[in-house]
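Residue 10 is where the sequence shown starts when you use my numbering, and the numbers rise one by one after that.
Where a beta carbon is used, it is the ideal one built from N, C-alpha and C, also for glycine.
Just so we're clear, the structure is a prediction, and the values are computed from it rather than from any experiment.
What follows is a set of notes on a single structure, which appears directly below.
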Amino acid sequence: GAGFLVGTILHNHFKDWNIDISLIAEETPIEIINIPYSPERYFYGIGKGVGDINVFGYDDHIVIEANLETSEGTEFALPMDVVSSSDWSSFVEIKDGLEKSTEKSSNENQEINITDVSLDINLEITPSSEARIVFNSELGDEITGRCKGHIHLDLHDLERLEMFGNLEIVEGDYAFNLKNIISKKFE
Numbered sequence: 010g011a012g013f014l015v016g017t018i019l020h021n022h023f024k025d026w027n028i029d030i031s032l033i034a035e036e037t038p039i040e041i042i043n044i045p046y047s048p049e050r051y052f053y054g055i056g057k058g059v060g061d062i063n064v065f066g067y068d069d070h071i072v073i074e075a076n077l078e079t080s081e082g083t084e085f086a087l088p089m090d091v092v093s094s095s096d097w098s099s100f101v102e103i104k105d106g107l108e109k110s111t112e113k114s115s116n117e118n119q120e121i122n123i124t125d126v127s128l129d130i131n132l133e134i135t136p137s138s139e140a141r142i143v144f145n146s147e148l149g150d151e152i153t154g155r156c157k158g159h160i161h162l163d164l165h166d167l168e169r170l171e172m173f174g175n176l177e178i179v180e181g182d183y184a185f186n187l188k189n190i191i192s193k194k195f196e
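Printed below as a string of structure tokens:
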């Protein structure tokens, strides 16, 4: 896809950063996400769309806002049989760049500043999008369909994810499978 990127990055001798960057894709869809399948993931798939993404903030707090509309080629899955975990962050890995350093710091008590990141994402899901709700991936028990709706995602400090909205399947089918004894496809 193609988009238009505009931004400003300010600093004071490489300290006290201030950023404001915008990406606008109005006509040609861009790839927003591409998360491959993994049994531990809470969602996976490819997301393409148009809209705007803004990244702004200071060195200790970054906000990412997006208002996007899905386009043809968007296919995502919500597996309900994900391995249970005490938190959702199994697909997010945060690495400290200082861990790789084998040299001693001149200041052993150096304070490490961690940047807060907040996401505020509005997704307008169009019927060109395909969604799968997977109840049992081993048996193929899933609902597949075209959908429409609006989803709002908020992520605060990479710890608390809030997702709300509606997603209506406007056409599709349900491949019902009960322990490989009963298998039926509903349209």
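Kindly indicate which residue of the options has the alpha-carbon position closest to the one of residue i.
| i | options | result |
| --- | --- | --- |
| residue 135 | 90, 85, 172 | 85 |
| residue 156 | 166, 138, 149, 169 | 138 |
| residue 165 | 124, 55, 61, 181 | 124 |
| residue 43 | 49, 53, 37, 71 | 53 |
| residue 126 | 79, 50, 163, 22 | 163 |
| residue 51 | 149, 24, 40, 143 | 143 |
Quick check on residue i: does DSSP put it in helix, strand or coil?
| i | result |
| --- | --- |
| residue 148 | coil |
| residue 16 | strand |
| residue 124 | coil |
| residue 168 | coil |
Leaving out five residues on either side along the sequence, give the residues of the same chain with a beta carbon under 8 Å from the beta carbon of residue i.
| i | result |
| --- | --- |
| residue 26 | 18, 19, 20, 67, 68 |
Among residues of its own chain, excluding the 5 on either side of residue i, which ones have a beta-carbon nearer than 7 Å to its beta-carbon?
| i | result |
| --- | --- |
| residue 158 | 134, 174, 175, 176, 177 |
| residue 15 | 31 |
| residue 128 | 73, 162, 163, 164 |
Residues in the same chain with beta-carbon distance under 6 Å from residue i, minus the five sequence neighbours each way, listed in chain order, please.
| i | result |
| --- | --- |
| residue 77 | 58, 60, 132 |
| residue 64 | 30, 73 |
| residue 145 | 90 |
| residue 11 | 37 |
| residue 79 | 58, 134, 135, 138 |
Whole-angstrom Cβ separation of residue i and residue j, contact assumed at under 8 Å?
| i | j | result |
| --- | --- | --- |
| residue 160 | residue 181 | Not quite, the Cβ-Cβ distance comes to about 18 Å (not below 8 Å), so this is no contact. |
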